[in-house]
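So for the sequence shown, this note's numbering puts the first residue at 76; every next one is plus one.
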Amino acid sequence: MRKLAAAVLLCVVTLALVAGPGIARLETAEMTTAAVIQDAYSKGTISRDEMILQTAYALYAPWKVREDLAGVQMDKCGTPMDDMIRLALPDLPDVVAEEIRGLRARPTTMTYVETTHFRIHYDTSGVHKIYGWPSTTYRDAMMVEVELIWDEEVTNLGFRAPPPDGSDPDGGGGNDLYDIYVQNLTGLYGYCAGSYYYNDGPGGYPPNAATSYVVIENDWVGFSHPPIECMQITVAHEFGHSCQAAHNINADTWYKECTSMWLEDHLYDDVNDYLGYLPQFLSSLYRSIDYHNGSLRWYGSCVWNFFLSENFGSGIIVDNWWQLESSSQPLDAMDVVLGTYGTSMEDEYKEFAIWCWFTGSRDDGNHFEEGGTWYTASVMRGHSSYPIAIGGPTPTWEPDRYGCNYITFNYPGSGHSRLLVSYDGPSLLSVANAAYLNYRTSGGVFGEYGEIPLSPWGNGELAFDGWNTMQYVGLVVINNDPVMCNMNYTYNAEESDTGVDDEFFAFGLKAASPNPFAETTSIAYSVPTGGGLVDIVIYDVNGREVCSLIRERMNGGAGIAVWDGFDNAGERVASGVYFARLDIDGLTASGKLIMLK
């Protein structure tokens, strides 16, 4: 006998709705009912049992919610609430649990219609009457759309099909077709309800696979899109949750929402309902991509899946869910998947932070496909006078793991042609972090300038030439570490000039090639105009000197240093990670080397 999907530890998935440090608490007038209930619980005004019960009312019987706990903002999806309720059931007092189980029971309807894969349950009169009845136009359109959605999500993309539920203890929906119920919901598009674990059924499903059914709004009164568009994106979204439950119903909630929002736009690119949820994500990029604070932020996190799919193809989103069969933590699963693509979460989050700069009014046409229609990612601070002695993150804006800050340096009309930007972050030996410069010219052209080369100790600088032709230069500070939160750092910027008649060379260290390497690798570097004492040294991950490659005074220009993998004693070094550090009269930069045998 299969056990109820609720029979799992409550700690696996929770609604982390409490506002974290540094986030202004949302006012009740701006909150969904679920967020108001969680806020009351966090303040201690209601018990945990009452919080679960009121959340169940909000989802299944909204007329029962206490008046003082009712929010006014419409929510998107009730699946996170159902997840929390389902997982809490075994821990609740019997009388509360029994009431909630009654509320969670499958809806009863007057009639149904079947397609190849679905049974659609609906009413033809009363409060739950399907939109447009007695006309069947909407219902018939829904019959077509659900099959198109199955074909794309299951057949083409390759998500698991939901397990059949006809043998569930409650009888499922009457047979093994996937059930969609059309009901009058309050303040929700729909939800996917997990039913029973399917770990002993046919089909080769993983241990955390579960049966489920979907409930969607019946008449779409008060929604921002026409009824058929609302139905299309809601079925795409909620059926996506049913496929996710076939992989691992206990996967972290934020990635369920991230994926289902992405699926909406993947299937119905012209509806763009996701746009309304982007501001809460793009205005708080200093928080981790999986952070949730009681707002609608996790819906806006679909930006991450847009980034992945536009860089690696749609298949990577599905690959993440197959990997999540072995882990409930999406960031860990994604790191494994990205490894099969020859990269990592650390590397891709760096690129993601740069892409998010080019959103809204800063879109340059070279990053997100629809980025020009998005909310413009928020800038932490802007500067207009120089030099900046010591800058740093605004309190509470210190970037969390997989978080970033944006700073702008506005050109003040000084006539200077160069801006020297310095950055000093945590040691790269302990915290993965990076810094980049982007720009907007006085003519309105946006672009990437380059990465600030950092030493193993996390400090470096980069000269931005052509400063007097800019409107502003943007500094992107990135915490791409998987663990470290509240990352501190400093930066400064000062104006100067380059020679007018002389050939100009900027200080710089290029990526080694080949890298990784087995025999030798070449390290290109640039000595700034005027020359200087060039010192290139190889260090190990503990900061110990391994090999001194160059130490001599040079004129300005480009050069190449070659390392053959031997140390100062003439011994072949072990395989592993090393760092090449360039120092020219106090200007420093470093790059990672990987030695293989």
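Ideal Cβ positions, reconstructed from N, Cα and C, are used throughout, including at glycine. None of the values given here were measured: they were computed from a predicted structure.
Per the Cβ contact rule, the stretch 254-272 is in contact with the stretch 289-301 (3 or more Cβ pairs under 8 angstroms).
Within the stretch 530-557, complete beta strand (DSSP E) segments of at least 3 residues are found at 534-540 and 545-554, given in chain order. The beta carbons of Tyr481 and Val551 sit closer together than 8 angstroms. Counting along the chain, the unbroken alpha helix (DSSP H) around Phe381 starts and ends at Cys377 to Phe387.
When Cβ pairs closer than 8 angstroms are counted between the two stretches, the stretch 139-152 is seen to touch the stretch 106-114, the count reaching three or more. Residue Asn441 holds the alpha-carbon nearest to the alpha-carbon of Asn386 among Asn441, Pro238, Glu620 and Tyr600. Judged by DSSP in its simplified three-state form, Asn231 adopts helix.
One Cα belongs to Ala115, the other to Gln129, and the distance between them is close to 11 angstroms. Taking 8 angstroms as the cut-off, the Cβ atoms of Asp348 and Ile291 do not count as close.
The bridge partners DSSP lists for Tyr566 are Gly466 and Tyr498. Of the candidates Ala268, Tyr330 and Arg194, Arg194 places its Cα closest to the Cα of Asp254. Straight-line spacing of the CA atoms in Leu371 and Cys377 works out to 12 angstroms.
In the pairwise beta carbon analysis, the stretch 189-205 is classified as not touching the stretch 349-361: fewer than three pairs are separated by under 8 angstroms.
It is roughly 17 angstroms from the alpha-carbon of Tyr197 to the alpha-carbon of Ser287.
With the rule of 3 Cβ pairs closer than 8 angstroms, the stretch 308-318 counts as touching the stretch 219-237. If you draw a 10 Å sphere on the C-beta of Glu594, you find fewer than 16 other C-beta atoms in it, and that means exposed. The beta carbon of Ala428 sits closer than 6 angstroms to the beta carbons of Cys479, Val551 and Ile553 from its chain, once the five residues preceding and following it are set aside; these are given in chain order. The three-state reading of DSSP puts Ser505 in coil, since its state is none of H, G, I, E or B. The residue from Phe381, Tyr256, Thr211 and His341 with its alpha-carbon nearest to that of Met185 is Tyr256. Lys118 and Asn368 have their C-alpha atoms some 15 angstroms from each other. As a beta-bridge residue in DSSP terms, Asp254 pairs with Arg194.
Residue Asp610 holds the alpha-carbon nearest to the alpha-carbon of Leu657 among Asn395, Asp610, Ala507 and Lys667. CA-CA distance, Tyr514 to Trp542, rounds to 9 angstroms. The beta carbons of Gly583 and Gly606 sit no closer together than 8 angstroms.
Going by beta carbons, Ala664 and Gly535 fall inside the 8 angstroms limit. Beta-bridge annotation (DSSP): Trp638 is paired with Thr596. Rounded to the nearest angstrom, the gap between the Cα atoms of Ile112 and Thr211 is 39 angstroms. With respect to Ile598, Ala636 sits close: the two C-beta atoms are nearer than 8 angstroms.
Between Trp397 and Cys333, the C-beta spacing is not below 8 angstroms. The Cβ-Cβ distance between Ser571 and Leu662 does not fall below 8 angstroms. Judged by their CB atoms, Pro501 and Gly666 are not nearer to each other than the 8 angstroms cut-off.
DSSP places Gly631 outside both helix and strand once states are collapsed to three, so it counts as coil. Bridge pairing for Ala163: absent [DSSP]. Secondary structure at Ser489: coil, using DSSP grouped into helix, strand and coil. Exposed is the label assigned to Val219, since fewer than 16 other Cβ atoms lie within 10 Å of its Cβ. The DSSP-derived three-state label of Val289 is strand.
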